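Chains as they are written, first to last, in our numbering: chain U, 1 to 216; chain P, 1 to 216; chain G, 1 to 216; chain C, 1 to 216.
Working notes, structure below.
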């Protein structure tokens, strides 16, 4: 019996990376300098940081939603191969990179260069959604074993449909960023909320594994 | 059989976020500059950092106590649904944000703007206690399955009573911050100690799962 | 059956904190500035960072050794109570704080204030060894259940003996820091090596839980 | 029964360290300053960061590949001893250190000192590959129990062959760094890709532990 099997270790490692990336976002929000506060006061200085809060919130929501879906993908995996490690690694490469475009956006949204920053930021999410797509395609076509219950295969088809909007929508936000930075960022934030609220394509979300588990 | 079930993965991810947030606090305590030390000496420069130590300690204690209670909440969960992911995500959003108001307080407690910093800091904790409350309400009303042992339901009622002081007390610290910064921070610190010492509403805290587990 | 019991969750959280604290140490080693390099060259500038390397190495070794022993303590635990959470929390408070005195030492070992930095640094380790001691005493007297195999109790006595040198030796390094900074740091580093090499007081360290576990 | 055995805890701790080290890399990529952007524009300023992207990518790929192989080594372990903790600790020491030479390379690749930076960077990887080698030699000669299935021993011999190129190839990149920085870094990146693509010396990579595991 495999107590801690291979895919569980990939999941744990990935969870670690997602958790660190999501928590590192905050260290890029810089506390206003004493010289700035001497001029305009701390209250106004904190209000001026709104691009940082917005970028923090958008990146946080996006990483969280990708984590939730990453997690659903790995529930489907019941075999693994060499490519799984590296397709997952490619996704993690982009996830760990998120703090950089996030800070870029925070720093330049109100300055010359805001367009470049928004293009970089939304382009990052296109890259993530494409690598997520590649991971799911690999899992759904190769890593659900042939003798899996047919129900599972139907689910896989359902999930593929469910994800078909991801890359085009993020590509849309990317295209919009060339025209309007605020609209592009709003789209990225709404996309995270959309995938959060849209949920999972199956009705039975309730689950009851350990009824006997109770407060010791 | 589910070796690593869904709620365990939410717990692990949350644990990761709590652990990182609690450990990141320290990197915001800045080592005194050589120019400051040349003037007043390292000893006095280190003493002058007391707002940083105080903010570090208060935030550390608060995150630790919230982690312990988060952990007790998840012991109660024996079903999960879509909302659990996102109510938990909302709590984590505020937890990961803690290092920012902590640094703000460290930097401005002794300067103009200290009131704003204390309001922001205690307001943060109100947000956390409210999102914690929302998480618990959802768990206690929806995620303890109907056929759970009735004992568990009684416990849930007990816990709800136990938590009823959380949001009002943090709201109190928030209100006080408009009048006195030191008092407000003291209240935040005492609240963490209060919830730490008050403990859990049940007598039988001793637990003995693996008597056979021993040093190999 | 408890798949992921309470003490395991404390262990996981603690492991996370240890892992993050040990990995954060490196971000305090600052890459030499271009202006410094223009004057003395990169090679010499990197050599000048030796206090950073020394502090990094000493703190890394110390955190690693404390992690290994923390881990052995939790193998002994077969009950848990409320205090375990908070005695462990106190230990983690000091562990997460380590990067601060480490950077302090790196920055001031070659400057005025080196004595204060070394006192702070070694004092930190006294605090850690005392809180570690408190944790172990609590575990050994309260959390090894009465009906535990007597062998385990003997082991506990053995371990108590094994640890009796910890706090006095770190206290020694602390006292020495008032006289000689280099000697005090050397003692801290040697203490980590000493506890690493001295190992565990039991002969049978080999262990064979999953012979059937193999490369898939 | 040991639910979470000792080697699993070493693996978890190591996974945490790898995950944090790989995620910390990004915080060393500095967002261009407003003064630089005022002169050359954000687009050109971002292009000028190419040494940072290259160093980030090379270090990310290397840490990921070492993590995958670390993970395969621990699948082989079915005993553990005291040295395992500290040989693994030595490897982690070098892994946690990676962000420092990575930033050094980013900062100095286009400046005086690039040779020193590249020597340091590739020298780091030599140290990692040697400590990895030491870990594997210890595991393969001591920690595969005598009564292990003979198949496993054959695998161990196969793996030893598989790894025999690691240290000499990294040593090659190190030697080359004295002559050409770009070539040396290209070798480091290619080595990561080489070990990623070369994969594992066994055919049967597909694995099917939990066919019954499905979306709840």
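All residues carry an ideal CB built from backbone N, CA and C; glycine is no exception.
Note that the coordinates shown come from a computational prediction; the quantities given were computed from them, not determined experimentally.
Below 8 angstroms between beta carbons: does that hold for residue 27 (chain C) and residue 49 (chain U)? Taking the fourth chain and counting its residues from 1, the one referred to as residue 27 (chain C) is at position 27. Taking the first chain and counting its residues from 1, the one referred to as residue 49 (chain U) is at position 49. With contacts defined by Cβ atoms closer than 8 angstroms, residue 27 (chain C) and residue 49 (chain U) do not form a contacting pair.
Excluding the five sequence neighbours on either side, which residues of its own chain have a C-beta within less than 8 angstroms of the C-beta of residue 1 (chain C), listed in chain order? The count along the fourth chain starts at 1 and reaches residue 1 (chain C) at position 1. Only weak support exists for where residue 1 (chain C) lies, its pLDDT of 26 falling under 50; the coordinates are left without a value.
Grouping DSSP H, G and I as helix and E and B as strand, with all else coil, what is residue 98 (chain P)? Within the second chain, the letter at position 98 stands for residue 98 (chain P). If DSSP states are grouped into helix, strand and coil, residue 98 (chain P) belongs with coil.
What does the alpha-carbon distance come out to for the pair residue 75 (chain G) and residue 68 (chain G)? In the third chain, residue 75 (chain G) corresponds to position 75, counting from 1. In the third chain, residue 68 (chain G) corresponds to position 68, counting from 1. Going from the Cα of residue 75 (chain G) to the Cα of residue 68 (chain G) covers about 11 angstroms.
For residue 118 (chain U) versus residue 135 (chain U), is the C-beta distance shorter than 8 angstroms? Against the first chain, residue 118 (chain U) aligns to sequence position 118. Against the first chain, residue 135 (chain U) aligns to sequence position 135. No, they are not a contact pair.
Tell me, please, whether the CB atom of residue 68 (chain P) is closer than 8 angstroms to any CB atom in chain G? Within the second chain, the letter at position 68 stands for residue 68 (chain P). At least one C-beta of chain G is nearer than 8 angstroms to the C-beta of residue 68 (chain P).
Does the region 50–70 of chain P come within contact of the region 121–134 of chain P, defined as at least 3 CB pairs closer than 8 angstroms? yes
Contacting residues, own chain, Cβ-Cβ under 8 angstroms from residue 138 (chain P) (five flanking each side not counted): On the second chain, position 138 is the one that residue 138 (chain P) refers to. Here the set comprises 83, 84 and 87.
Within 10 angstroms of the Cβ of residue 38 (chain U), are there 16 or more other Cβ atoms? Answer buried if so, exposed if not. Along the first chain, one-based indexing puts residue 38 (chain U) at 38. Per the 10 Å Cβ criterion, exposed.
Quick test of your reading: residue 196 (chain U) and residue 17 (chain P), contact by CB under 8 angstroms. State the CB separation rounded to the nearest angstrom. For the purposes of this step, residue 196 (chain U) is identified with residue 196 of the first chain, where counting begins at 1. For the purposes of this step, residue 17 (chain P) is identified with residue 17 of the second chain, where counting begins at 1. The Cβ separation is near 17 angstroms, so there is no contact.
What are the boundary residues of the alpha helix (DSSP H) that includes residue 124 (chain C)? Stepping through the fourth chain from its first residue, residue 124 (chain C) is reached at position 124. Residues 114–142.
Take the Cβ of residue 168 (chain C) as the centre, count every other Cβ of all protein chains shown within 10 Å, and call the residue buried at 16 or more, exposed below. As a working mapping, residue 168 (chain C) is identified with position 168 in the fourth chain. Exposed: under 16 other Cβ atoms inside 10 Å.
For residue 161 (chain P), does the three-state DSSP call read helix, strand or coil? In the second chain, residue 161 (chain P) corresponds to position 161, counting from 1. Helix.
Determine the direct distance from the alpha carbon of residue 56 (chain G) to that of residue 179 (chain C), and round the result to whole angstroms. As a first step, residue 179 (chain C) must be located in the fourth chain, where it is residue number 179. As a first step, residue 56 (chain G) must be located in the third chain, where it is residue number 56. Their backbone Cα atoms lie some 30 angstroms apart in a straight line.
Looking at C-alpha atoms only, which residue of C:116, C:54 and C:141 is the closest neighbour of residue 97 (chain U)? As a working note, residue 97 (chain U) is residue 97 in the first chain. The option with the nearest alpha carbon to residue 97 (chain U) is C:54.
So is residue 21 (chain U) buried or exposed if we call it buried at 16+ other beta carbons inside 10 Å? Numbered from 1 along the first chain, position 21 holds the residue referred to as residue 21 (chain U). The residue in question, residue 21 (chain U), is buried, as its Cβ has 16 or more Cβ neighbours within 10 Å.
Who are the near neighbours of residue 174 (chain P) in its chain, counting only those whose CB is closer than 8 angstroms to its CB and skipping five residues on each side? Position 174 of the second chain, counting from 1, holds the residue named residue 174 (chain P). Taken in chain order, the residues that qualify are 119, 122, 123, 125, 126 and 184.
Could you tell me the alpha carbon to alpha carbon distance between residue 52 (chain U) and residue 156 (chain C), rounded to whole angstroms? Looking up residue 52 (chain U) in the first chain gives position 52. Looking up residue 156 (chain C) in the fourth chain gives position 156. Going by the C-alpha atoms only, they are around 51 angstroms apart.
Exposure of residue 32 (chain U), with buried meaning 16 or more beta-carbon neighbours within 10 Å: Here residue 32 (chain U) corresponds to residue number 32 of the first chain, with the count starting at 1. Buried: at least 16 other Cβ atoms inside 10 Å.
Grab the span of the alpha helix (DSSP H) containing residue 29 (chain P) for me, first residue to last. The residue given as residue 29 (chain P) occupies position 29 in the second chain. It is not in any alpha helix (DSSP H) - residue 29 (chain P) carries neither H nor E in the DSSP assignment.
Does the beta-carbon of residue 229 (chain P) have 16 or more other beta-carbons within 10 angstroms, so that it is buried, or is it exposed? With chain P covering 1 to 216 only, the question about residue 229 (chain P) has no answer from this structure.
When the Cα atoms are used, what is the spatial distance from residue 107 (chain U) to residue 189 (chain G)? The count along the first chain starts at 1 and reaches residue 107 (chain U) at position 107. The count along the third chain starts at 1 and reaches residue 189 (chain G) at position 189. About 42 angstroms.
Closest residue to residue 166 (chain C) among C:181, C:186 and C:130 (Cα-Cα distance): In the fourth chain, counting from the first residue as 1, residue 166 (chain C) sits at position 166. Comparing Cα-Cα distances from residue 166 (chain C) to each of C:181, C:186 and C:130, the minimum goes to C:130.
Suppose the cutoff is 8 angstroms on Cβ atoms and the five residues either side in sequence are ignored; what does the same chain contact list for residue 95 (chain C) look like? By 1-based counting over the fourth chain, the position of residue 95 (chain C) is 95. Closer than 8 angstroms at Cβ, skipping near neighbours: 17, 18, 21, 63, 66 and 128.
Could you tell me the alpha carbon to alpha carbon distance between residue 158 (chain G) and residue 93 (chain U), rounded to whole angstroms? Residue 158 (chain G) sits at position 158 when you count from the first residue of the third chain. Residue 93 (chain U) sits at position 93 when you count from the first residue of the first chain. Straight-line Cα distance between these residues: approximately 47 angstroms.
Does the CB of residue 9 (chain G) have a neighbour CB from chain P at under 8 angstroms? The residue given as residue 9 (chain G) occupies position 9 in the third chain. At least one chain P Cβ lies under 8 angstroms of residue 9 (chain G).
Do residue 43 (chain C) and residue 73 (chain U) count as a contact pair if the criterion is CB distance below 8 angstroms? Position 73 of the first chain, counted from the start, is the residue given in the question as residue 73 (chain U). Position 43 of the fourth chain, counted from the start, is the residue given in the question as residue 43 (chain C). Not closer than 8 angstroms, so no.
Are there 16 or more other CB atoms within 10 angstroms of the CB of residue 89 (chain G), so buried, or fewer, so exposed? Working through the third chain from its first residue, we reach residue 89 (chain G) at position 89. Burial is judged here by how many other beta carbons sit within 10 angstroms of a residue's own beta carbon; residue 89 (chain G) has at least 16 and is buried.
Would you report the Cα separation of residue 103 (chain P) and residue 154 (chain U), rounded to the nearest angstrom? Start at 1 with the first residue of the second chain, and residue 103 (chain P) comes out as number 103. Start at 1 with the first residue of the first chain, and residue 154 (chain U) comes out as number 154. Here the alpha carbons of residue 154 (chain U) and residue 103 (chain P) stand approximately 51 angstroms from one another.
Residues that residue 98 (chain G) contacts on chain C, provided the C-beta gap is smaller than 8 angstroms: Residue numbering aside, residue 98 (chain G) sits at position 98 when the third chain is read from its first letter. The contacting residues do not exist; residue 98 (chain G) stays about 13 angstroms from chain C at best.
In three-state terms, what does DSSP make of residue 15 (chain C)? Residue numbering aside, residue 15 (chain C) sits at position 15 when the fourth chain is read from its first letter. It is helical.
What's the gap between the Cα of residue 109 (chain U) and the Cα of residue 101 (chain U)? One-based indexing of the first chain puts residue 109 (chain U) at position 109. One-based indexing of the first chain puts residue 101 (chain U) at position 101. C-alpha separation (whole angstroms): 11 angstroms.
For residue 181 (chain U), count the other beta carbons within 10 Å of its own beta carbon; 16 or more makes it buried, fewer makes it exposed. Which is it? For the purposes of this step, residue 181 (chain U) is identified with residue 181 of the first chain, where counting begins at 1. So residue 181 (chain U) ends up on the buried side.
When burial is assigned at 16 or more other CB atoms within 10 Å of the CB, is residue 40 (chain C) buried or exposed? What you label residue 40 (chain C) is simply residue 40 of the fourth chain in a count that begins at 1. Its Cβ having fewer than 16 others within 10 Å, residue 40 (chain C) is exposed.
Once DSSP output is grouped into helix, strand and coil, what is the label at residue 187 (chain U)? Translated into positions along the first chain, residue 187 (chain U) becomes position 187. Note: residue 187 (chain U) maps to helix in three-state DSSP.
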